[in-house]
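Take a look at the structure below.
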Amino acid sequence: MDHPQVPLDNNAAENALRGPVNGLKNYYGSGSLWSARLAAMLFATLQTLGLWGINTRHWLTAYLNACVDNGRKAPQEMAPFLPWSMDEARRAALSSALPSATSPPLRASARASDSSAPALDTS
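Position 89 of the sequence shown, counted from 1, bears residue number 88 in numbering that gives the first Met the number 0, the numbering being contiguous throughout.
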């Protein structure tokens with residue numbers, strides 16, 4: 000009772016873990032070792048982004064676009080995607096909502112490889 004600012008229970012910590020634990024149980028996410036590791040990595044990554052104030056959907060879109068640009072593999076340089084390595088301008092840009100509620104426009108390289116895709120009107 001010497002430190003009244005410290006709560007007597009750990010409900011906040013337990014509640015913070017509730018979502019991922021119930022998710023793993025309900026989504027059958029840890030039916031194998033690799034999926035449990037993937038789920039843990041994604042939970043940790045997305046929670047870290049949230050703590051830095053970064054919009055996770057905007058970050059994930061940027062990361063997946065970088066994977067596409069790198070031949071469908073993870074980017075060689077991860078620094079642009081780590082919150083503590085980003086410059087202030089990039090962090091601010093990724094903290095905002097995506098520019099559009101619809102899917103982002105195709106890049107020129109993606110349109111060139113798919114002849115059935117309609118051309119985008121850029122005028």
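Here a beta-carbon is modelled for each residue, glycine too, at the ideal position from N, C-alpha and C.
Contacting residues, own chain, Cβ-Cβ under 8 Å from residue i (five flanking each side not counted)
i   : result
R89 : P79
L7  : none
N10 : none
N69 : Q75
Distance CB(residue i)-CB(residue j) smaller than 7 Å
i   : j   : result
W58 : L81 : no
P74 : A65 : yes
Own chain partners of residue i with C-beta closer than 7 Å, once the 5 adjacent residues on each side are dropped
i   : result
R56 : L97
L45 : T55
Nearest neighbour of residue i, chosen from the options [CA to CA]
i   : options              : result
E87 : A11, N9, N14 and I53 : I53
T83 : L50, K72 and N9      : Checking the displayed sequence, the identity of residue 83 turns out to be Trp instead of Thr. If we check each option's Cα against that of W83, L50 comes out closest.
A15 : S31, F42, Q4 and A38 : F42
Range covered by the alpha helix (DSSP H) that runs through residue i
i   : result
W51 : No alpha helix (DSSP H) contains W51, which DSSP labels as neither H nor E.
L93 : E87 to S94
Proximal residues to residue i (C-beta, below 6 Å), its chain only, five neighbours per side dropped
i   : result
L48 : T55 and W58
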